[in-house]
Amino acid sequence: MKKNGKWRLLFSEALRGAENMAIDEALFTLSEKSGYDGTLRIYFWEPACISLGYFQEKEKVLNTAKCKALGVDITRRITGGGAIYHHSEVTYSITTTLPSPLVPANVDDSYKHLEEFIINGVWKCGAEVNYRGTARPMAKDFYCFVRPSKYDVVKKGKKLVGSAQRRSKNLFLQHGSILLNLDELDTMFSVLKLDHNLEKAKQEFKGNVTSLDEITGKNLEKYEVAMRLVGEFEKTYGVTLTEDTLTPDETKLAKTLQPKYIIQ
C-alpha cells in the first residue's frame, strides 16, 4: 500500500468537556503548523458531559440544574447536530489539511473512507458492524445519537458510532464516539428535556442505539478498544503514527479557547 505520510497520535487523558472541545478546535485551526500530515487523537471524558451541537440552545434541550446537581458538565461542539452524552465511550478526532490523500473531496465518500478504520477496529474487538450508507426518515429528535444518519456505523441498523465533520477552505476535522456501554442511560435521560414520555424515549433509544458490550457480550476496556483503532488506522490508510504531544502553540490556543466551551 502506498504510504500516505507521517501522522501524529495523541492520547489524551480523561478531560473535562470544555478542555476536549478546545483541544479539537486548536488542532483543527493549527493543522498546517503541526509538523505532521495529520493528527489522530484518542480521548476520554471525566466527569460525564453533555455536548451540544454548534447551533443548539441549552435551555431547549437540557435541565441545567439537574446537570449541576449530578456533576454533569455541559459543553458545545465545533460541529453540528444535537445533544450527546459522553462518558462510557472512546472518542476520536482526525485533523488534517486539505487536500489530503486520506480525505476524499466528496463529503459522503470522506465519511465512508474515514470510518473504515473504525469498522475494522471494532471488528477486531468482536463486533461485526457495517457502514449504514443510507438514512431512513425519522422525526428530528432531542438526542443526536438516536437520529439515523447514512454516516453511522451500525449493527443490524442500531447505531454504535456517530461522527461529524467541520471543514474550512483548507482545514478538516472529523470526530466521533464509539459507545462502550449503555450503563448511564438513567443519568442521561434525567438531564435531557424530553418531548415525549420517558419510557417511550428510552425504548426509542434502545431500539436505535447499541454499544460494544451489548454486541460482544464482553466488558471491553477502553484502552483495548483504543489500541485496536490505532492499529487499524495505520493498516487501513498506510500511514505511520508517531505518538506525540500538543505543540506549545496548540496548548496555548486550547487554553485560550477553553472558556467559550464552558457552558453554565
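Taking my numbering, the leading residue of the sequence shown gets 1305, the next gets one more, and so forth. Idealized CB from N, CA, C, for every residue including glycine.
Query: Distance between residue 1461 and residue 1436 (C-alpha atoms, nearest Å); Result: 7 angstroms
Query: CB contact flag (residue 1330, residue 1561, <8 angstroms); Result: yes
Query: Strand pairing of residue 1401, partner residues [DSSP]; Result: 1475
Query: For residue 1321, three-class secondary structure by DSSP; Result: helix
Query: Start-to-end residues for the alpha helix (DSSP H) that takes in residue 1458; Result: Counting along the chain, residue 1458 falls outside any alpha helix (DSSP H), though it belongs to the beta strand (DSSP E) covering 1457 to 1459.
Query: Selection from 1504, 1514, 1415, 1392 that minimises the alpha carbon distance to residue 1433; Result: 1514
Query: Coil, strand or helix - residue 1527 by DSSP; Result: helix
Query: Segment contact, 8 angstroms Cβ cut-off, at least three pairs: the stretch 1480 to 1496 with the stretch 1540 to 1551; Result: no
Query: Local Cβ density within 10 Å of residue 1328, reported as buried at 16 or more and exposed below that; Result: buried
Query: Stretch pair the stretch 1469 to 1488 + the stretch 1367 to 1379: three plus CB contacts closer than 8 angstroms; Result: no
Query: Backbone secondary structure at residue 1493 - three-state DSSP; Result: helix
Query: Start-to-end residues for the alpha helix (DSSP H) that takes in residue 1520; Result: 1516 to 1520
Query: Three-state class that DSSP yields for residue 1532 in the structure shown; Result: helix
Query: Whole-angstrom distance between residue 1465 and residue 1363, CA atom to CA atom; Result: 26 angstroms
Query: With 16 other Cβ atoms within 10 Å as the buried cut-off, status of residue 1502; Result: exposed
Query: Burial state of residue 1541 (16 or more Cβ within 10 Å); Result: buried
Query: Short Cβ contact (8 angstroms threshold) for residue 1335 with residue 1395; Result: no
Query: Neighbourhood of residue 1557 by C-beta, 6 angstroms cutoff - its chain only, sequence neighbours within 5 removed; Result: 1330
Query: Three-state secondary structure assigned by DSSP to residue 1358; Result: coil
Query: Among 1535, 1516, 1479, the one whose alpha carbon lies nearest that of residue 1357; Result: 1479
Query: CB of residue 1383 within 8 angstroms of CB of residue 1342, strictly; Result: no
Query: Straight-line Cα distance separating residue 1523 from residue 1471; Result: 35 angstroms
Query: Nearest-angstrom Cα separation, counted from residue 1415 out to residue 1388; Result: 19 angstroms
Query: Where residue 1443 sits in the DSSP three-state scheme; Result: Model confidence at residue 1443 stands at a pLDDT of 49, short of 50, so the residue's coordinates are unreliable and nothing is read from them.
Query: Within 8 angstroms, strictly: CB atoms of residue 1419 and residue 1467; Result: yes
Query: Burial state of residue 1411 (16 or more Cβ within 10 Å); Result: exposed
Query: Nonlocal neighbours in the same chain, by C-beta distance under 7 angstroms from residue 1530, ignoring five residues either side; Result: 1346, 1394
Query: Where residue 1562 sits in the DSSP three-state scheme; Result: helix
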